[in-house]
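S.K.: Sharing a structure, written as structure tokens. Questions coming.
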Amino acid sequence: MSKDALEELGEERPTDYLMENILAVHDVRKTNKYSDAVMQIPSGLSALFLEECGDCILIETRGFEKRNVDSPKVETVVKGSQEGFTENLRTNVTLVRRIIKNENLITEMLPIGNTNRLSCTVMYLEGITNTKVVEEVKKRIKRINADFVLGDGMLEQFIEDNSFTLFPQVISSERPDRTASFIMEGKVVIIAEGTPFALAVPVTFFGLFHTSEDTFVRWPGGNFLRLIRIFGLFCATFLPGLYVALTLYHIEMIPTELLISIARAKELVPFPTLLEVLIMEVSFELIREGGIRVPNVIGQTLGIVGALILGQAAVAAGLVSPMLVIVASITGLGSFAIPNYTLAIAIRIERFLFIIAGAVLGFYGISLMAVILTFFACSIKSFGVPYFVPVAPKTKVNTDVILRFPIWAHKERPDALNTPNKKRKGNNVKLWISEDEEEGTDKEGKK
Amino acid sequence: MAICNKIFSTTPGYITKVIGNTGWYMTLISCATALVFFGFIYLLLKRFPGRNIIEIYDASLGRVMGFIFSFLLMVSFLLSVGIYTREFTDILKIYALPATPPSVIIGTMIFAAVVAAFLGIETIARVAKLAFYPALVGYFLILIFSLNIFKPTNLLPIFGYGLDKTVITGILRGSAYDEVVILAVFAGSLQGIEHIKKAGFISLLLSGFIISSGLLCFALVFEYRAIQELTIAAYVMTRKIAYGTFFQRMDPIFLLLWIITTSIYISILFYTTVSIYCKIFRLQDAKPVVVPMAVLAVSAAIFPRDFSSVLSVYVQGLRNYGNITFFIMPAIALGIAVIRNKKGESKCAD
């Protein structure tokens, strides 16, 4: 810029003049901190320095290659939105903003990782989210002292309350609609650059059984699906352990007809029950892990065919009993019914603990193991919220925690989140009913 | 849960031996006795707001007598941990794990209590709350499924071995509800005296109903002479349940229920023992006390020579003399506090 031109500007700063009159870019801002400029340049922004000027202009010139918005890969639903997050942070924020069109939706950008300086956003609804939770989330993110943080998986491990527990303390979703519902509930959402997932905190155990589909289907269907998932959790956790305990220690408890079937099926198997169960469960885990690693096209086929052929062959070879194949299959299906991946992994690990407990001490071992694990689970808190609310400790009954009431009954946000604005709906949600009555119309709309 | 667990123990058989088939209303008399004594405990706590019973003993009786009273309370809880663990172990050996050494069962049960003690009262309370609902549903399911084997004539004669015997035994066995004193141990940490009052009275009434309904079902299923011979009536009753050729024998449900509730019960008693000890010696951190206390609890569990001595001497000793440490001592402390005009100033909850 020439000296004459600068003089002509008079009192006005040259950076302001350039920003207002010359630069035709929608997102420009100025900074007088060199460190700020240095931090933004690797993120794709351009910095414009002017001679004899104390400010520099940061210009939004990011143009990374990015994937288009696609359907979710993990959280698929039959009813509801078919849109999932991408690896691009701005796209993800926009996807959420498109659902919550509210001026109080706050998006705060925070850098994480001392060396790689990954961007992440903290999203919450001002006036609805508990400010203490927001402050706590920001405090934990800011105080991560690690040189390299890669996406939400690592971030989750850095900010969770207890690292030595199997249970997840942060919930992850790849669906913008579900993320928006977390924000509307009063949770804080964290989206990290580079991964198509959003994290939400605080989380409770019962919240891990929710899916987007629960909201889209009518409440009886939603409840049915939730109960199926809880039953799936029970099968995935206890079934092989109970089988081992029953066949090793408590044979007299099995009804006679069933006992005869089990005994007949086990007649030719040379292995002890514990080894038989472990062979089957480890094989199942191998198939599952193998199915994920091989290319998508043959992955699913490998899973199903592998399980069928292996199970059939193992029975034919007399390595395992057909009864055990049924037990392992139901267990596997149960673990697939758990909607949260981290919880499903935790259950897969716990299952082996229960198998060993059942083999060592029968029902007593299983019960005691269940109590000990429950002790640990009940000691967990997620950002100050006890893990088993609203049951233990008891909080105000919410209409969408364990079971789901009709949609008009969801009048309040979860009590445990302690949100400043608890009300979600008015006392009369279906105003049209009273209006129809006032107008004197019947159900068919006739006067 | 701590109080109701006794319905799964050897108690129903023993009381039938003493008073016949009137256990179901005898327990209501015990419950009423416990309510009266809890009234005294409530008055004592009200006189010293925000303080626990250990601090109250010190304030009311002086440091030396207060120490003796508190120490006796701790010993009673420690003995309860040991004796009930041993009772559970021997019954489990009879019905489910005949080849397992008792030390394994005792050790693992105390290990669970140690884990609970390390995690603290908040966690124990949450687990108890979480387990309460399925336990209650399972318990009443067992009672409902037994409907088809009820024989109403088993309730006759309605006064059993005599009304006087039932009433006296009922009053003496008020200690069956002695776990309500746990509220007084943790009074300083609870949300005020009114909360303690509500929790105490509701838990006693609810326990009275649960235990009474259980004893009534046992009396309806078994003739009084038969029930005396049963080590644990609830287990045998679940084995008698049969609807068709497949839906029969509910003992797996019973076993799970019994073991889970007992392990939580033992954990509560154990943590209370540790907590009283720490309060007596004014220790801030309970963790160093947990393992030594576990060693004492295991020793107390191993001490009885055989199962018959556990039942006839130790369990009944606790039932008959438990009243003294759990109910009468707080009443004495209240009386002395009134005579000496000792009162506590309002103190915030811990």
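If you're matching them up, the sequences are chains A and B in order.
Residues in the first sequence are numbered consecutively from -1, following my numbering.
Residues in the second sequence are numbered consecutively from 199, following my numbering.
For each residue, glycine too, the CB sits at the ideal point set by N, CA and C.
This structure is a prediction, so every number in the text was calculated from the model and none was measured.
For Ile462/B, decide whether its Cβ has a neighbour in chain A, counting only Cβ atoms nearer than 8 Å.
M.R.: yes
S.K.: Is the Cβ-Cβ distance between Val267/A and Val199/A less than 8 Å?
M.R.: no
S.K.: Nearest CA to the CA of Ala311/B: which residue from Val279/B, Gln446/B, Ala417/B, Met272/B?
M.R.: Val279/B
S.K.: Quick check: the Cα distance between Pro490/B and Ile252/B, rounded to an integer number of angstroms?
M.R.: As the crow flies, the alpha-carbon of Pro490/B is around 21 Å from that of Ile252/B.
S.K.: Thinking C-alpha only, which one of Val369/A, Val387/A, Phe334/A, Val399/A is nearest Glu73/A?
M.R.: Phe334/A
S.K.: What residue from Cys233/A, Asp212/A, Ser259/A has the CA that sits closest to Thr397/A's CA?
M.R.: Asp212/A
S.K.: By Cβ distance, which residues of its chain are closer than 6 Å to Asp449/B, with the 5 residues on each side in sequence left out?
M.R.: Thr436, Arg437
S.K.: Excluding the 5 residues flanking Ser327/A on each side, which residues of the same chain have their C-beta closer than 8 Å to its C-beta?
M.R.: Ala305, Gly309
S.K.: Kindly indicate the opening and closing residues of the beta strand (DSSP E) around Val26/A.
M.R.: Start and end: 26 to 29.
S.K.: Quick test of your reading: Ala333/B and Ile409/B, contact by CB under 8 Å. State the CB separation rounded to the nearest angstrom.
M.R.: That pair is no contact at about 14 Å.
S.K.: Quick one: is Lys392/A near chain B, going by C-beta distance under 8 Å?
M.R.: Closer than 8 Å to some Cβ of chain B, the Cβ of Lys392/A qualifies, so yes.
S.K.: So, for Val302/B: in the same chain, excluding its five sequence neighbours on each side, which residues have a beta-carbon less than 6 Å away from its beta-carbon?
M.R.: none
S.K.: By Cβ distance below 8 Å, which residues in the same chain neighbour Pro320/A in space, the five residues on each side in sequence not counted?
M.R.: Ala263, Val313
S.K.: Can you pull the DSSP bridge partners for Glu410/A?
M.R.: Lys421/A.
S.K.: Can you tell which of Thr417/A, Gln80/A, Ser44/A has the C-alpha that lies nearest to the C-alpha of Asn128/A?
M.R.: Thr417/A
S.K.: Closer than 9 Å between beta carbons: that is the criterion. Which residues of the stretch 139 to 156 of chain A meet it against chain B?
M.R.: Here the close residues number zero.
S.K.: Measuring CA to CA, which of Tyr212/B, Ser461/B, Ala417/B, Ile522/B is closest to Leu270/B?
M.R.: Ile522/B
S.K.: Could you spell out the range, first to last residue, of the alpha helix (DSSP H) harbouring Tyr122/A?
M.R.: Run containing Tyr122/A: none in the alpha helix (DSSP H); it sits in the beta strand (DSSP E), 116 to 123.
S.K.: Select from the stretch 302 to 327 of chain A all residues with a C-beta closer than 8 Å to any C-beta belonging to chain B, and list them in chain order.
M.R.: none
S.K.: At 4 residues or longer, what runs of the alpha helix (DSSP H) sit wholly inside the stretch 507 to 544 of chain B?
M.R.: 514 to 521, 527 to 537
S.K.: Let's test the definition: count the other Cβ atoms within 10 Å of the Cβ of Lys477/B and tell me whether it reaches 16, buried, or not, exposed.
M.R.: Result: buried.
S.K.: How far does the alpha helix (DSSP H) with Phe146/A in it extend, from its first residue to its last?
M.R.: It is not in any alpha helix (DSSP H) - Phe146/A carries neither H nor E in the DSSP assignment.
S.K.: Where in the stretch 205 to 242 of chain A do unbroken runs of the alpha helix (DSSP H), each at least 4 residues long, occur, reported from the N-terminal end onward?
M.R.: Assignment of alpha helix (DSSP H) within the stretch 205 to 242 of chain A, counting only whole runs of 4 or more residues, yields 210 to 214 in chain order.
S.K.: Tell me where the alpha helix (DSSP H) around Ala22/A begins and ends.
M.R.: Premise fails: Ala22/A is in no alpha helix (DSSP H) and is neither H nor E.
S.K.: Could I get the ranges of all uninterrupted alpha helix (DSSP H) runs contained in the stretch 369 to 435 of chain B, with 4 residues as the minimum, in chain order?
M.R.: 380 to 383, 391 to 419, 422 to 427
S.K.: Hey, how far is the Cα of Phe265/B from the Cα of Val378/B?
M.R.: 21 Å
S.K.: Do Tyr241/A and Leu295/B come within 8 Å of each other at the CB atom, strictly closer than that value?
M.R.: With contacts defined as CB atoms closer than 8 Å, Leu295/B and Tyr241/A fail to qualify as a contacting pair.
S.K.: His408/A touches chain B at which residues, Cβ-Cβ below 8 Å?
M.R.: Neighbours of His408/A on chain B: none; closest Cβ ~23 Å, over 8 Å.
S.K.: Reducing DSSP to helix, strand and coil, say where Thr127/A ends up.
M.R.: coil
S.K.: Should Met121/A and Ile169/A be called a contact, given that it needs their Cβ atoms to be closer than 8 Å?
M.R.: no
S.K.: In angstroms, rounded to a whole number, what distance separates the CA positions of Arg88/A and Glu183/A?
M.R.: 23 Å
S.K.: Counting along the chain, where does the beta strand (DSSP E) carrying Glu106/A start and finish?
M.R.: 103 to 110 is the span of the beta strand (DSSP E), which, as asked, contains Glu106/A.
S.K.: Using the beta-carbon of each residue, which ones in chain A are nearer than 8 Å to Val325/B?
M.R.: Val369, Thr372, Phe373, Cys376, Ala390
S.K.: Sorted by chain position, which residues of the same chain lie with C-beta nearer than 7 Å to Lys441/A's C-beta, five sequence neighbours on each side aside?
M.R.: Low per-residue confidence applies at Lys441/A: pLDDT is 48, beneath 50, and the placement is therefore not dependable, though the value from the model is reported in the following sentence. Correct list: empty, nothing qualifies.
S.K.: Between Thr471/B and Val76/A, what straight-line distance do the alpha-carbon atoms span, to the nearest angstrom?
M.R.: 55 Å
S.K.: Assign Ala357/A to buried or exposed, taking buried as 16 or more other Cβ atoms, counted over all protein chains shown, within 10 Å of its Cβ.
M.R.: buried
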